[in-house]
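Numbered as in the UniProt record's numbering, the sequence shown ends at 279 without a single skipped number.
Worksheet for the structure shown next.
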Amino acid sequence: MERAVREATPGPLILDVRGRPGPPPLRFVRARDGGPPTLHLGDRPLTRARWHGDGCCRELHLRRLPGHRSPLPPLRAASMRTPDADWRHRCARWLEDTPHGPLHDGRWSVTARASFAPGIWTEDFVRDWPDAVLALLCGGGWHGVLPLRPLSPPGAPRVTAYRKHARDGTLAPVLLWWVSFLDGWLILDGHDRAVAALAEGAEPPCTVLARLPEEAQWRRTADAVAEGHAERMSRLSERPAGPGTERQRAALERGYADALAGLPYDEAPTPLWPPADDA
Numbered sequence: 001m002e003r004a005v006r007e008a009t010p011g012p013l014i015l016d017v018r019g020r021p022g023p024p025p026l027r028f029v030r031a032r033d034g035g036p037p038t039l040h041l042g043d044r045p046l047t048r049a050r051w052h053g054d055g056c057c058r059e060l061h062l063r064r065l066p067g068h069r070s071p072l073p074p075l076r077a078a079s080m081r082t083p084d085a086d087w088r089h090r091c092a093r094w095l096e097d098t099p100h101g102p103l104h105d106g107r108w109s110v111t112a113r114a115s116f117a118p119g120i121w122t123e124d125f126v127r128d129w130p131d132a133v134l135a136l137l138c139g140g141g142w143h144g145v146l147p148l149r150p151l152s153p154p155g156a157p158r159v160t161a162y163r164k165h166a167r168d169g170t171l172a173p174v175l176l177w178w179v180s181f182l183d184g185w186l187i188l189d190g191h192d193r194a195v196a197a198l199a200e201g202a203e204p205p206c207t208v209l210a211r212l213p214e215e216a217q218w219r220r221t222a223d224a225v226a227e228g229h230a231e232r233m234s235r236l237s238e239r240p241a242g243p244g245t246e247r248q249r250a251a252l253e254r255g256y257a258d259a260l261a262g263l264p265y266d267e268a269p270t271p272l273w274p275p276a277d278d279a
């Protein structure tokens, strides 16, 4: 398969994927009746879902189905012990090569992440199978981690082996996919590694895949941000000069610079694809 162009950044690995117009093998499909989207791998649905409640603060009642295929090959113990391994690049290559992944045309980030907000890997980590109820908060989504297969018990042989890696600091990261309408993550690979890290009292190291905005999109947003900043600076210039005004001016300039710098790397909405017979 053709390799995506890598964009040089100091933080996330940015993939500019071309030649894959989609739909990708792993994708969310729109419901015809206005219901929640469902996850598909090829022609096979991996979830069934329905809304419960009215308004924006609804519950998503979700049943996961068998059939998830990891986009990563099996990981050997020796590969996890490789010094200074950059798992972002490894995962990117595997995601490009897999027939089971979500990549399609556009910009994507592959980011190493070692910590999450409180609660993500505890009360918001779904341990039950196959059914789950996700409370989607108004304007805030759900913000949890959803496995795509049953979790092994902490004493399972594979988990036990991974627990030693967790203690030694050589555990390979869990591969997560950030999904916008959930404001949460799906586990694409590393279910047993997640269980192992949590059993050792630690959050699992993660590699996070996320969709990014296209250049034309974030530049339109940048133009709007620049216009708003110019208006605020113009109003500020009408005030009497003084230390307070200068501090406010400096704060506005810092905020403006930070906002512009982050726009190309903000997560974009996860595309919802039409049902196969509507495409």
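By construction, the Cβ of each residue, glycine as well, lies at the ideal position given by its N, Cα and C atoms.
- Its chain contains Leu41 and His100 as the residues whose beta carbon lies nearer than 7 Å to that of Arg69, once the 5 sequence neighbours on both sides are disregarded; these appear in chain order.
- In the three-state DSSP reduction, Pro45 falls in the strand class (E or B).
- Nearest C-alpha to Ala196 among Ala166, Thr82, Asp54 and Leu188: Ala166.
- No Cβ-Cβ contact shorter than 8 Å links Pro21 with Asp97.
- Rounded to whole angstroms, the gap between the alpha carbons of Asp84 and Ile14 is 20 Å.
- Take Arg30, set aside five residues on each side of it, and the residues of its chain with a beta-carbon closer than 8 Å to its own are Pro37, Leu272, Trp273, Pro274 and Pro275, in chain order.
- Within the same chain, and ignoring the five residues on either side of Asp192 in sequence, the residues whose Cβ sits closer than 6 Å to its Cβ are Ser152, Arg158, Val159 and Tyr162.
- Excluding five sequence positions before and after Gly53, the CB atoms of its chain that fall closer than 8 Å to its own CB belong to Glu59, given in chain order.
- Per DSSP, reduced to three states, the secondary structure at Asp86 is coil, with no helix or strand assignment.
- Contiguous beta strand (DSSP E) elements confined to the stretch 133 to 194 occur at 174 to 179 and 184 to 189, taking only those with 3 or more residues.
- Secondary structure at Arg93: helix, using DSSP grouped into helix, strand and coil.
- When C-beta atoms of the stretch 177 to 185 are compared with those of the stretch 232 to 242, fewer than three pairs fall below 8 Å, so the two segments do not count as touching.
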